[in-house]
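Data block below; observations after.
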Amino acid sequence: MGTFAYFPHTEEDIRAMLDRIGVASLDDLYSDVPDDFQYKGEYDLPSAMSEQEVRDFFEQLGRKNVQLKVLVGQGAYDHYVPAVIPYITSRSEFLTSYTPYQSEISQGTLRYIFEWQSMICRLTGMDVSNASMYDGPTAAAEALRMMLASSRKRNKVVVSAGLLPCVQKVIATYMKYTDAQLVVTKDVLAELGDDVAGVLVPEIGKLGRINDLTGYAEKIHEAGALMAVYCDPSTLAVLKSPAEWGADIAVGDGQSLGIPLNYGGPYVGFLACRTELMRKLPGRIVGQTTDADGKRCFVLTLQAREQHIRREKATSNICSNESLMALWCTVYLSLMGPEGMRKVNELSSAGAHYLHDALIATGKFKDIHEDKLFLNEFTLKPLCDVEKLQKAFLAGGFFAGLQLENGELAFCVTEKHNKEELDSLVKIVEGL
Amino acid sequence: MKYYDKLIFELSRPGRSAYSLPKGCGKEIELPAALRRQAPLDLPEVSEVDVVRHYTNLSQMNFGVDTGFYPLGSCTMKYNPKINEEIAAHPLFTGLHPLQPAETVEGAQEVIDTLDKALAAITGFEHFTFLPCAGAHGELTGLMLMREYHMARGDSARTKVIVPDSAHGTNPASAAVCGLEIVVVKSRPDGLVDVEDLKPLLGPDIAGIMMTNPNTLGLFEREIRQIAALVHECGGLLYYDGANMNPLLGKVRPGDMGFDILHLNLHKTFSTPHGGGGPGSGPVGVAKSVLPYLRIPVTSGFHGNFGVMMRGLAYILTLGKENIKMAGPLAVLGANYIKESLKDVYKLPIPTVCKHEFVYDGLVNDGAREGVPGATTLDIAKRLLDYGFHAPTIYFPLLFHQALMVEPTETESKETLDAFIEVMRRIAEEAAADPEMLHSAPHNTPIRRPDETTAARNPIVKA
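Quick note, the sequences are listed as chains V and L, same order.
Per my numbering, the first sequence starts with residue 26, numbered consecutively.
Per my numbering, the second sequence starts with residue 82, numbered consecutively.
Printed below as a string of structure tokens:
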């Protein structure tokens, strides 16, 4: 003992501690475990690696990945990550703390969560946001549960077939094990009725198209249901906010706010709503108050909704959030400000439209966005050999043109992609 | 720690900015007015220096494992190794899109497969799904698997799940979210599940039982073999809540105890940082009988929290088979050492050997006197903050009114534990002499006790 970096115990320490406890050996501390449960073998694991060996191990695996320029979105967007963010989020006071139960020594976490909630409210136009969820898809599932819980008699939720596949799969899973009915349809308004608790529609569909949701809120509310909008928070800098569409709930993934692709996670979901639904909102919520000396401070609040108090009657089973990723987005939004957010959208959108038109001009795709109602993500109908095309993209160092279920190819451009890169992608198509 | 009273919005000055973007070919977006945002976007306008100083100041009001001892019961606040952070930020992994073709992400897939194999070896289970992003998320996924197992048998009447009264609050909540009814089984006075109370609950409507072993009192459920036999006999499955897996590292494999499904918390047992409440990772493992259903529940968007998996695997490789088997025993050593050192001044309702954690039930002498109430568990917790320690988990489990749940973990030295013991003794003396001083603790933190009642009554939840 005493030779492994994370275990500070010397032989002497162990002896002294065993003596205080009044047992002879470490094995005696397991005297309550029936002998036949005690594992006598050796785990089938490699021998301990030095730090250098661990580094080499991952370096070697990393080299088996192909580094590509990413021109696909579908729920994960390759926006630029400012250098400040990882610098701040790796501060160990943030990184190595737990959920802020002891508010007196957790004001850092509590304040940035309050800022996150405020920024999500400002982006979405909602009154209240929670402290974050696992990811956008799970947040969408929680939004459906929320709408069902807000209505006593209605047992059906209607969701748009235009939602991203990653969202649809999770929603279907969450609903499968409840007695609620899930309807997935292209025309959500046609399904309204007195058994519908809520409707979930995307602001930007899986094909990149911006949906005009004019009139939705009126019709949905008239039918006595709630309206939730799934949105990409980055695009809310230029697009109508869920509140402006008249929605009751806004939900989505914060990944587009400065979080790296990370092979799919960790990301961060957000869930925000109108004041009237606040007590149905799942997850942690941070509120402002004062301390015994009258100083402004922040605490976890409205905990009567939560699992550790309500157990099976809680609004959700979630007992954590994705705090550090919420910090990631909060720092991003602070750096970008209103002007930076507008410019990110302008650059991404200009690049996407440039690429779209250039690809159409190759004659190898059919235009399905003639009205140009897309921002950074669009699809094209291929008129060429898709397999050959995708192989050529990969060979050219691009991940682009992901084929969706309907056969269309998905592209996404962000401010990271310059004109030369886009031109070289078009050249690949021309060279087919 | 120094009090700092700004919100980022309060630093905003029109005309300042901290973004850095390429000039590119950005031009105004042509969109119909009906689709355009109308309200101005009220985000802070600050410089980069403002941002860095602001969040640095905020961080300095926070206590983490790197700040000091964090004996928070059931949370396994062990040291978070720094090499893991470097690995998780490796640029050959962070740029991978989750939908990239398989032939371009072989390295990432090998990370997941290697971790799967390692966790299988440690737990005695077959395979894992890494989609769950947290422990409660793992519970939910695991219960979905339990339901799939029964549904595949046409056994639709199994709608109830048994949960001990000492269970983590997430257990009943997860069951409810999964459409299951909860049946509570009582604990005996010695803190273990009452097998006699369990027997009449078992029947054709039982989907299974959720247990954590050791339980939330830190006690090993010795009768687990009998419990497993009874539950299996009635057609139910056993779910293992892996929140308390740490003391079993190197000593016991949950798969050998008869469990069919389990989740692990990479952010507890496998040292990944808690990040102020996430991101975590709650992989779910299954025994052979449940394996056919493992891929059915899709409970998160892509592949789960891959960055957290990278850290967990780095930890396992660093420990290796030699050191990992010491993690459990050393964690148990620390817990029993504290437990035995303070039982003369703190009530120890269950005196038997504990595993990774144990529970005190308040002070032996809380200092109560005419007109002055005694010091409570909350007071003790708050006073600990003054002395530079994080508090234990308080008022949980619900079985004891003044519960103080202490979990030291294997990464704390004897000196640290001795310092904690000494402070706990001093607090006991302070309580006996002047409980009012404890009622008003903490005294040395950036803020004092917050007014939580007003916060809940008149919620201010955004700036």
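All C-beta atoms, glycine included, are put in the ideal place defined by N, C-alpha and C.
All figures in this text were calculated on a predicted structure; none of them were measured in a lab.
Counting only beta-carbon separations shorter than 8 angstroms, does residue 446 of chain V have a partner in chain L?
no
Indicate whether residue 247 of chain L and residue 478 of chain L have their beta-carbon atoms separated by less than 8 angstroms.
yes
At a Cβ threshold of 8 angstroms, is residue 428 of chain V touching chain L?
no
When you compare each of L:88, L:109, L:82, L:155 to residue 348 of chain L by their alpha carbons, which one comes out closest?
L:155
CA-CA distance, residue 460 of chain L and residue 471 of chain L?
13 angstroms
Could you compute how far the alpha carbon of residue 120 of chain V sits from the alpha carbon of residue 93 of chain L?
26 angstroms
Would you kindly report the start and end of the unbroken alpha helix (DSSP H) that includes residue 323 of chain L?
That residue, residue 323 of chain L, is in no alpha helix (DSSP H); its beta strand (DSSP E) goes 318–323.
Looking only at DSSP bridge pairs, what is residue 427 of chain L linked to?
Residue 427 of chain L pairs with L:444.
Does the contact criterion of 3 or more C-beta pairs under 8 angstroms hold for the stretch 288–297 of chain L versus the stretch 229–243 of chain L?
yes
Per DSSP, which one or two residues make a beta bridge with residue 307 of chain L?
Paired residues: none, contrary to the question.
Residues bridged to residue 245 of chain L by DSSP?
L:266
Contacting residues, own chain, Cβ-Cβ under 6 angstroms from residue 267 of chain L (five flanking each side not counted):
246, 275, 278
By Cβ distance below 6 angstroms, which residues in the same chain neighbour residue 145 of chain V in space, the five residues on each side in sequence not counted?
154, 295, 297
Look up residue 255 of chain V in the DSSP assignment and say whether it is helix, strand or coil.
strand
Residue 326 of chain V and residue 536 of chain L look like a contact to me (Cβ under 8 angstroms); what is the Cβ gap, rounded to whole Å?
4 angstroms
Contacts of residue 122 of chain V in chain L (Cβ-Cβ under 7 angstroms):
Ordered by position in chain L, the residues that pass the 7 angstroms Cβ test against residue 122 of chain V are 143, 144, 145, 355, 357.
Beta-carbon of residue 153 of chain V versus every beta-carbon of chain L: anything under 8 angstroms?
yes
Apart from the five residues on each side of it in sequence, which residues of its chain come closer than 7 angstroms, Cβ to Cβ, to residue 349 of chain V?
Cβ neighbours of residue 349 of chain V beyond the five flanking positions: 114, 119, 120.
Kindly indicate the opening and closing residues of the alpha helix (DSSP H) around residue 293 of chain L.
The continuous stretches of alpha helix (DSSP H) do not include residue 293 of chain L, and DSSP gives it neither H nor E.
If residue 44 of chain L and residue 290 of chain V are in contact, beta carbons under 8 angstroms, what's the gap, nearest whole angstrom?
The structure shown does not extend to residue 44 of chain L, since chain L is modelled only from 82 to 544, so the question has no answer here.
Please list the terminal residues of the continuous alpha helix (DSSP H) segment that includes residue 210 of chain L.
It is not in any alpha helix (DSSP H) - residue 210 of chain L instead sits in the beta strand (DSSP E) that spans 208–210.
Which residue wins for smallest C-alpha separation from residue 131 of chain L, given the options V:109, V:76, V:53, V:180?
V:109
Mark residue 381 of chain V as exposed unless 16 or more other C-beta atoms lie within 10 angstroms of its C-beta, in which case mark it buried.
Under a 10 Å Cβ-count criterion, residue 381 of chain V is classified as buried, with 16 or more other Cβ atoms of the shown protein chains found around its own Cβ.
Whole angstroms are fine: how far does the CA of residue 358 of chain L sit from the CA of residue 200 of chain L?
23 angstroms
Under three-state DSSP, which class holds residue 346 of chain L?
coil
According to DSSP, residue 316 of chain V sits in a beta bridge with which residue or residues?
L:531
Taking all protein chains shown into account, do 16 or more other C-beta atoms lie within 10 angstroms of the C-beta of residue 395 of chain V, making it buried, or fewer, making it exposed?
With fewer than 16 other Cβ atoms within 10 Å, it is exposed.
Beta-carbon proximity list for residue 409 of chain L, same chain, < 7 angstroms, skipping 5 on both sides:
327, 328, 329, 330, 331, 332
Suppose you measure from the CA of residue 142 of chain V to the CA of residue 397 of chain L; what does that come to, to the nearest Å?
36 angstroms
Suppose only complete runs of 4+ residues qualify. What are the alpha helix (DSSP H) ranges in the stretch 187–272 of chain V, listed by chain order?
190–201, 241–247
By the three-class DSSP mapping on this structure, what secondary structure does residue 146 of chain V have?
helix
Rounded straight-line distance, which links the Cα of residue 166 of chain V to that of residue 194 of chain V:
10 angstroms
Comparing C-alpha positions only, which one of V:354, V:361, V:415 sits nearest to residue 96 of chain L?
V:361
Sequence-distant residues of the same chain with beta carbon closer than 6 angstroms to residue 148 of chain V, five excluded per side:
258, 261
When you compare the CB of residue 194 of chain L with every CB in chain V, is at least one pair closer than 8 angstroms?
no
Measuring straight from C-alpha to C-alpha, what distance separates residue 480 of chain L and residue 251 of chain V?
Between residue 480 of chain L and residue 251 of chain V, the C-alpha separation is close to 40 angstroms.
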